[in-house]
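Asker:
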Amino acid sequence: MGASKGQVGWGGDVSPELLEACRRGDREAFRALYEAYKDRVYSIAFYFFDADADAAGEVTQQVFLKLMREIVRFRGDAAFSTWLYRIVVNACVDRSRGRRRDAGAEDPVVLDRIPTRASHEESFAQKELAASVQQAIATLPAKLRAAILLRYFDDLSYSDMARALNCSIGTVASRLSRGHRLLAKTLAPIRNVHQAR
Amino acid sequence: MFTRHVDRSLSRYHDGDLPTAQRQRVEAHLTSCGRCRAALEEIEFSAKLVRQLTAVSAPPSVWNGIDAASAGSHRDVGRRFPLRWAAACAVVLVIVSSAYWWTRDSRVGPWEVAQTRDGISRRMTSGEWVDTVDGSEARIIVGALGTVAVAPGTRVRLGEITQSEYRLALAQGTISAEIVAPPRLFIVDTPASTVVDLGCAYTVTVGEDGAGQLRMTSGWAALEFKGRESLVPAGAICRTRPGAGPGTPFFEDAPAALKQAVDDFDEGTRREQALAVIIREARARDTLTLWHLLSRVDKSDRARVYDRIAAFEPPPAGVSRSQLLTLDADALRKWREELAWKW
Amino acid sequence: MSRIRYLAGAAAAVAVVAASASAGTMFRIEIGSPVALGVNKFFKKNDKKVVLAVRAVVCQDLANVRITGTAEGLVAGKRQSLPIMLAAVEPAEAIYAIHHQWPAEGAWVLHLKGACGNPRAEASTLVAVSKGTFIREKSEVLREPATKKQIEDAVAALARSQS
């Protein structure tokens, strides 16, 4: 974890042959690229927009259309995934600017269903917990939300995140710290229940 | 004296991303600063919770949209449309349009069921039963997640559908599922276990006595019952027994003697002899079976099972024999991930 | 004439040294169940569509191992070859995941190849796949690059076993 992916010319997790095929306009190659990344992109958008499947679908579509258009210009001088995630983050943050929720307000998340069921229904309790976390994430300011989701949906190193977010490593660290601390405060009511496990 | 807090570095510290000298400075500061220690605990708590989130699969409609929107731009690139793609495209369009038809209708009602008895596709609601005891077959469309084929002689109850799960309850008979949902979204309850879908395709069978079998054809699934869990990867089978829950999984291509011995062991028949046979007959791949047995054999037998597994694959660095013999959960998980390279 | 013979001999010697250096190492591309990527780890590592886990082993410089692959298939008697993508799981450890990227029809063998910088070595693994899983007993882990004949034989054998 945290390994540097900065090898020039090596797209990290995409073979040069596949990228070249995509640049040539090979549709099957692009489909392979889509299949490999679609769920990650969709999930980031899904949780960014508080489980809004329509928004997630639209953002995902937008990202891959942009990719398709601009892949001819990708020269492999940065990791492919870094470039992809920059497109994803920009798409999410841009779309969120029109939404009232992202005025920077931190809506209080009402956690009226603390998972306290008996342990043999732990999978159900876990789902409730996940729903609470999902809601809490959606209340974060957009830039902090993007940093958190990027970190946990692809294990990106801090340096890769800095490239994807177009900021310094220090800024990435600061956003993650602030994001986590806001989440911790929002989810404080379930902290005791969770730590008992 | 002015103390410089380290809260800006705590996230990197938590993620192990700090250079050594900086990490040591943070650690030294934490020993004497309650404020930063509290901040670190918040980060640890939050990170642990965020890891609970599971991936969500992009539905087929997303690719449809890209395909449709990019048809013009592909020509703009000025490339010749590869002939190879033209043939595949027709296939994809057929599949996509079929899926679209199903998903379009399934948005109106929760479950869509087609049965060969009358050939009519109809919507059914949670709580209703799909019954093929009369020799017919049925197909259940699980929203946009996939399909479940219901074999003749089966009774399956349509369960609840929520944002976070789809449930079926198989009382008897056989169903075959091909699911494209995120992990843990599609669940099948049987009298003896709950099948939590972590993978793509499998067959579940339940007999009249409530005993059953899960056969994985791709991906993997977890069978759970009262805290007992069996992880079943593609190519493996796991039997279930009422009251006992999931049995010990084994690969379909395992030696016949080993498969019989697993059944004997799980049924409590001559367990000592059964264990001896499993240990003797096991190949590297059968460490799947042996790994599950670690937590199911008597404590006095655990070392024998450990030694057999270790002969195929020693525990990874940082995992000790004593941790495994005391069934340390983290140690077991790490060893399982290493052993899975042989499964 | 003697100079040409000398050069030919030297070239042959270099070829032998190169071949033996590769064959003498244990560098190889291993395959495993997706469970190897961690069932309960976050997202990427429990992606449902992963068909197999792939990793390079016995190399001092794992972070720079490049593993690439093609899907070699026989569909209705017609030979096909498709590039496949390996998704990085832990690139520093040369661990990757392969999602289902080939058609459901026909017989398909994945040809994975990788190169290690230290010791210098190349290796291939031929993986027979069927729908959403791989067939271990029909797969071969080689400690040198696969030859065209090996690839063709693997595809033909799989197609025969499925007919």
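Residue numbers (the working numbering), protein chains in the order written: chain A, 17 to 213; chain B, 749 to 1091; chain C, 4 to 166. Cβ coordinates follow ideal geometry from the N, Cα and C atoms, glycine included.
1) Chain C partners of Leu166 (chain A), CB-CB under 7 angstroms?
2) I'd like to know whether the C-beta of Thr3 (chain C) is nearer than 8 angstroms to at least one C-beta of chain A.
3) Which class does Thr988 (chain B) belong to by DSSP, given the choice of helix, strand or coil?
4) Quick one: measure Cβ to Cβ for Met964 (chain B) and Val980 (chain B), integer angstroms, because I've assumed they're closer than 8 angstroms.
5) Going by beta carbon distance, what residues of the same chain come within less than 6 angstroms of Ile98 (chain C), once the five residues before and after it are set aside?
6) Cα-Cα, which of C:Ala162, C:Gln63, C:Met88 is closest to Glu108 (chain C)?
7) Runs of 3 residues minimum, wholly inside the segment 48-93 of chain C: which ones carry the beta strand (DSSP E) assignment?
8) List the endpoints of the continuous alpha helix (DSSP H) containing Arg109 (chain A).
9) What three-state label does DSSP hand Ser133 (chain C) in the structure shown?
10) Give me the Cα-Cα distance between Ser912 (chain B) and Val810 (chain B), rounded to the nearest whole angstrom.
11) Who are the near neighbours of Ser84 (chain C) in its chain, counting only those whose CB is closer than 8 angstroms to its CB and skipping five residues on each side?
12) If you check the beta carbons only, do Glu718 (chain B) and Ile889 (chain B) fall under 8 angstroms apart?
13) Rounded to whole angstroms, what is the Cα-Cα separation between Gly120 (chain A) and Leu778 (chain B)?
14) Alpha carbons only, please: which of B:Ser869, B:Val881, B:Leu893, B:Leu797 is nearest the one belonging to Ala141 (chain A)?
15) What is the DSSP secondary structure of Thr1074 (chain B), reduced to helix, strand or coil?
16) With distances taken between CB atoms, is the gap from Leu1006 (chain B) to Asp1034 (chain B) smaller than 8 angstroms?
17) Apply the 10 Å Cβ neighbour rule to Val88 (chain A) and answer buried if 16 or more other Cβ atoms are within range, or exposed otherwise.
18) Which residues in chain B sit within 7 angstroms of Arg82 (chain C), going by Cβ to Cβ distance?
19) Flag this pair as touching only if the segment 767-784 of chain B and the segment 200-207 of chain A have three or more C-beta atom pairs under 8 angstroms; answer yes or no.
20) Are Thr996 (chain B) and Arg1028 (chain B) closer than 8 angstroms when you measure CB to CB?
21) If we call anything under 8 angstroms between Cβ atoms a contact, is Ala95 (chain C) one with Ala131 (chain C)?
22) What are the uninterrupted segments assigned as beta strand (DSSP E) that are 3 or more residues long and contained completely in the segment 935-1002 of chain B, given in chain order?
23) Using 10 angstroms around the beta-carbon of His196 (chain A), count the other beta-carbons present and answer buried if the total reaches 16, otherwise exposed.
24) Nearest CA to the CA of His114 (chain C): which residue from C:Ile70, C:Arg123, C:Pro37?
25) Skipping 5 residues on each side, what residues in its chain have a beta carbon closer than 7 angstroms to that of Val774 (chain B)?
26) Taking only beta-carbon positions, decide if Thr768 (chain B) is within less than 8 angstroms of chain A.
27) In three-state DSSP terms, what is Leu766 (chain B)?
28) So the candidates are A:Glu144, A:Ser184, A:Val188; which of them puts its Cα closest to the Cα of Leu165 (chain A)?
29) In chain B, which residues lie with their C-beta within 7 angstroms of the C-beta of Tyr63 (chain A)?
30) Less than 8 angstroms between CB atoms is the rule here; does Asn49 (chain C) satisfy it with respect to chain A?
31) So which residues on chain B does Phe76 (chain C) lean against when the C-beta distance must stay under 9 angstroms?
32) For a contact meaning CB atoms closer than 7 angstroms, what does Ala52 (chain A) contact in chain C?
33) Does Lys159 (chain A) pass the burial test, meaning 16 or more other C-beta atoms within 10 Å, or should it be called exposed?
34) Taking only the alpha-carbon atoms, compute the straight-line gap between Glu1086 (chain B) and Pro1063 (chain B) and give it to the nearest angstrom.
35) Looking at Val60 (chain C): is its Cβ nearer than 8 angstroms to the Cβ of Ile101 (chain C)?
36) Considering only their Cβ atoms, is the gap separating Ile923 (chain B) from Val952 (chain B) smaller than 8 angstroms?
Answerer: With the given structure in hand:
1) Those within 7 angstroms of Leu166 (chain A) in chain C number zero; the least Cβ separation is about 12 angstroms.
2) Residue 3 (chain C) lies beyond the range of chain C shown here (4 to 166); nothing can be said about it.
3) strand
4) At roughly 5 angstroms, the Cβ-Cβ gap stays under 8 angstroms, so Met964 (chain B) and Val980 (chain B) are in contact.
5) Arg58, Val92
6) C:Ala162
7) 53-60, 69-78, 81-87, 89-93
8) Residue 109 (chain A) is actually Val in this sequence, not Arg. Element bounds for Val109 (chain A): 96-112.
9) strand
10) Between Ser912 (chain B) and Val810 (chain B), the C-alpha separation is close to 20 angstroms.
11) Thr73, Ala74, Glu75, Gly76
12) Since the displayed chain B opens at 749 and closes at 1091, residue 718 (chain B) lies outside it and no answer follows.
13) Per-residue confidence for Gly120 (chain A) stands at a pLDDT of 40, beneath the threshold of 50, marking its modelled position as unreliable; the derived number appears in the next sentence. Approximately 31 angstroms between the Cα atoms of the pair.
14) B:Leu797
15) coil
16) yes
17) exposed
18) Within chain B, no residue comes near Arg82 (chain C); the closest Cβ sits about 12 angstroms away, beyond 7 angstroms.
19) no
20) no
21) no
22) 942-945, 949-954, 960-966, 968-973, 976-981, 984-989
23) When all chains shown are included, His196 (chain A) counts as buried.
24) C:Ile70
25) Counting only Cβ-Cβ distances below 7 angstroms, and skipping sequence neighbours, we find Val754, Ser757, Tyr761, Leu766.
26) no
27) Leu766 (chain B): coil per DSSP, three-state reduction.
28) A:Val188
29) Leu801
30) Confidence is the limiting factor: at Asn49 (chain C) the pLDDT is only 42, short of 50, which leaves the residue's position unreliable, though a coordinate-based value still follows. No, Asn49 (chain C) does not count as interfacial toward chain A.
31) Note that residue 76 (chain C) is Gly in the sequence shown, not Phe. Ordered by position in chain B, no residue passes the 9 angstroms Cβ test against Gly76 (chain C), which lies about 12 angstroms from the chain.
32) Met88, Ala90, His102
33) buried
34) 8 angstroms
35) No; because the gap between Cβ atoms is not below 8 angstroms, this pair is not in contact.
36) yes
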